[in-house]
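Residue numbers (the working numbering), protein chains in the order written: chain A, 6 to 268; chain R, 6 to 268. What follows is a single structure, written as structure tokens, with notes after it.
Number of protein chains: 2
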Amino acid sequence: MKSTTNKQMKIVIIGAGNVGYHLGRKLYNVGEEVVEVFSRQRKKTVRLAKCLGAQATASLRDIRTDADLYILAVSDDAISAVAKILADRGCAENLIVHTSGVTPLTVFKNTGLRRYGIFYPLQSFSISTEPDFSTIPFCIDARQEDDRKLLMELAAKMSSHIYCFNDEQRALIHLAAVYANNFTNHLFHIAHQLLEKENIPFEILWPLINETVRKIKNAPPSEMQTGPAARGDVATINQHLQLLENKPEYRKIYQLLTEAICR
Amino acid sequence: MKSTTNKQMKIVIIGAGNVGYHLGRKLYNVGEEVVEVFSRQRKKTVRLAKCLGAQATASLRDIRTDADLYILAVSDDAISAVAKILADRGCAENLIVHTSGVTPLTVFKNTGLRRYGIFYPLQSFSISTEPDFSTIPFCIDARQEDDRKLLMELAAKMSSHIYCFNDEQRALIHLAAVYANNFTNHLFHIAHQLLEKENIPFEILWPLINETVRKIKNAPPSEMQTGPAARGDVATINQHLQLLENKPEYRKIYQLLTEAICR
Chain A
6 MKSTTNKQMK IVIIGAGNVG YHLGRKLYNV GEEVVEVFSR QRKKTVRLAK
56 CLGAQATASL RDIRTDADLY ILAVSDDAIS AVAKILADRG CAENLIVHTS
106 GVTPLTVFKN TGLRRYGIFY PLQSFSISTE PDFSTIPFCI DARQEDDRKL
156 LMELAAKMSS HIYCFNDEQR ALIHLAAVYA NNFTNHLFHI AHQLLEKENI
206 PFEILWPLIN ETVRKIKNAP PSEMQTGPAA RGDVATINQH LQLLENKPEY
256 RKIYQLLTEA ICR
Chain R
6 MKSTTNKQMK IVIIGAGNVG YHLGRKLYNV GEEVVEVFSR QRKKTVRLAK
56 CLGAQATASL RDIRTDADLY ILAVSDDAIS AVAKILADRG CAENLIVHTS
106 GVTPLTVFKN TGLRRYGIFY PLQSFSISTE PDFSTIPFCI DARQEDDRKL
156 LMELAAKMSS HIYCFNDEQR ALIHLAAVYA NNFTNHLFHI AHQLLEKENI
206 PFEILWPLIN ETVRKIKNAP PSEMQTGPAA RGDVATINQH LQLLENKPEY
256 RKIYQLLTEA ICR
């Protein structure tokens, strides 16, 4: 191993989108040395590199080969190609990780790399808001045991929620996250649209939404289920379906979720 | 009008479930005089009456007829019957309100009552947790203008979010609340179940869920949509559907919501 996390690590960030941006800045803030940033978007590369006092590099073929860790914060389908380029470039013995929840460790298998792993922060990042890293669960994996330990130590500098998961577990977490975040957000969108039609401010639902989220921290969601479906209140369900007469998509979702809750 | 809210009101609470319990205690705490509690469940009646220094009454036919306000915190389908009994009992000139989001003002129409209204706190109450009334939106309506004013003044003693809505608007809010609370909670339940299968703690999703809710306060949910459906990431969607092979109900919900987001 070239370094332990007791020493400062030399890190290269590949990808300067939401994950690369926030992860890079956090690593910098906890004292790691981000030496280089590459992304396909020149403007984003320069912005992030500037934040980190790092070099902004315009081509993957020019990436330095002496870093301790290469973090790929690129789209899922680019991981394998980027890894291959790094291996060809001379990084076969350096530690390379991706940050994807859905991509298995085996993505690195035929790239020529020897040391690889996963460094997946389970959060939905936006460029505009500063994430609170201390609460973010890091899901770690690595081909080699000592690399896994290294990645756990690095994550522990940012968060107190570090987990080791295999590909199967991580895929399930990612799937669960789609229900808990993506689909939930779409339901909020429907609620927003329904109210907007009548010029009722969406804010009126915020306390209810806050309470929904607060409650599932005290008991399993199944025990917290309320509403007409949970009560078997057919009259209210019919009234709601009536209100949705001109909204066939919202109606379908209403029916399916109501059936699921009744079951 | 027998009283204005500058004076203390004499209030009767009918129903000692989650809404009656918390609303009664809050009214007591802001200095209103809850004189009597009735519910069909003796134990709950006595518990609430004790909290409020009120009389616990076992039959609707024995309810006192000199109160300023009767708050019906009963199930939706009991409202009309209870209102009729109160009218027959001699409360035709007293102000009677219900606390339901879904029941129209017209439920009181043929009861014999003259003064009636709606006093709907838009929140999901549980007996075990103290609600923060200051944040709860109160949706008010009344047949007579002066009663509406009275109810708004009373609500303003508990919350700073007071709204006047007609039946149509309130029905829409209630419908939107079903999406934002009941359906959302069911999605949390699915996420919980998926993780439980692999002994992964549900807590791992809490930071993500918190962030989902925080984001919709800064921009409309449609602008905050992320995930494989929003990205059109067919490979990930197929992988997820594969993982759900033995969960036809979860799969149906996944497909429908994914289609809705893609649309």
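Glycine residues also receive a C-beta, built at the ideal position from the N, C-alpha and C atoms.
Asked: Opening and closing residue of the beta strand (DSSP E) in which P136 (chain R) lies; Found: Segment: none, P136 (chain R) is in no beta strand (DSSP E) and carries neither H nor E.
Asked: Assumed close pair V79 (chain A), A61 (chain A) - CB separation to whole angstroms, cut-off 8 Å; Found: Incorrect: roughly 16 Å between the Cβ atoms, too far for contact.
Asked: Rounded straight-line distance, which links the Cα of L248 (chain R) to that of K114 (chain R); Found: 54 Å
Asked: Cutoff 8 Å: S165 (chain A) Cβ touching any chain R Cβ; Found: no
Asked: C267 (chain A), buried or exposed, once every other Cβ within 10 Å from all chains shown has been counted against 16; Found: exposed
Asked: Touch test, the segment 152 to 162 of chain R against the segment 48 to 61 of chain R, Cβ-Cβ under 8 Å, three pairs minimum; Found: no
Asked: Residue-chain proximity (F143 (chain R), chain A), Cβ-Cβ < 8 Å; Found: no
Asked: Any C-beta of chain A under 8 Å from that of Q244 (chain R); Found: yes
Asked: Beta-carbon proximity of R119 (chain A) to E98 (chain A), cut-off 8 Å; Found: yes
Asked: C-beta neighbour in chain R for L210 (chain A), strict 8 Å; Found: yes
Asked: Whole-Å CB distance - Q128 (chain A) paired with I205 (chain R), under 8 Å assumed; Found: That pair is no contact at about 16 Å.
Asked: Contact list for the segment 122 to 133 of chain R against chain A, Cβ threshold 9 Å; Found: L127, Q128, S129, F130, S131 and S133
Asked: Reduced DSSP secondary structure (H/G/I, E/B, other) of L127 (chain R); Found: coil
Asked: Sheet register partners of V51 (chain A) (DSSP bridge); Found: Paired residue(s): none; V51 (chain A) is not in a bridge.
Asked: Cut-off 6 Å between Cβ atoms - residues of its own chain near P126 (chain A), not counting five sequence neighbours on either side; Found: I141 and F143
Asked: C-beta contact flag for I1 (chain A) and L110 (chain A) at 8 Å; Found: Because residue 1 (chain A) is not part of the residues shown, which for chain A are 6 to 268, the question remains open.
Asked: Collapsed DSSP secondary structure at G122 (chain A) in the structure displayed; Found: strand
Asked: DSSP state of E38 (chain R) mapped onto helix, strand, coil; Found: strand
Asked: Simplified DSSP assignment, three categories, for Q60 (chain R); Found: strand
Asked: Span of the beta strand (DSSP E) around Y168 (chain R); Found: I167 to C169
Asked: Contacting residues, own chain, Cβ-Cβ under 6 Å from F138 (chain R) (five flanking each side not counted); Found: K31, M163 and S164
Asked: Three-state secondary structure assigned by DSSP to V183 (chain R); Found: helix
Asked: N187 (chain R) versus I76 (chain R): straight-line alpha-carbon distance, rounded; Found: 25 Å
Asked: Beta-carbon separation (whole angstroms), V107 (chain A) vs Q230 (chain R), contact threshold 8 Å; Found: No, V107 (chain A) and Q230 (chain R) are not in contact; Cβ-Cβ is about 17 Å, not under 8 Å.
Asked: Min CB distance M229 (chain R) to chain A below 8 Å; Found: yes
Asked: C-beta contact flag for A181 (chain A) and A196 (chain R) at 8 Å; Found: yes
Asked: Short CB-CB distance (under 8 Å) between E216 (chain A) and chain R; Found: yes
Asked: Closest by C-alpha distance to H166 (chain R), when choosing among A:T116, A:F130, A:L210 and A:I18; Found: A:L210
Asked: Same chain, Cβ closer than 7 Å to S85 (chain A), neighbours up to 5 away in sequence not counted; Found: V112 and T116
Asked: Short CB-CB distance (under 8 Å) between T189 (chain R) and chain A; Found: yes
Asked: Whole-angstrom distance between I18 (chain A) and T70 (chain A), CA atom to CA atom; Found: 13 Å
Asked: Pairwise C-alpha distance: I16 (chain A) and A235 (chain A); Found: 51 Å
Asked: Three-state secondary structure (DSSP) of V17 (chain R); Found: strand
Asked: Boundaries (first-last residue) of the beta strand (DSSP E) holding D146 (chain R); Found: F143 to A147
Asked: Which of helix, strand or coil DSSP assigns to V107 (chain A); Found: coil
Asked: Any C-beta of chain A under 8 Å from that of P226 (chain R); Found: yes
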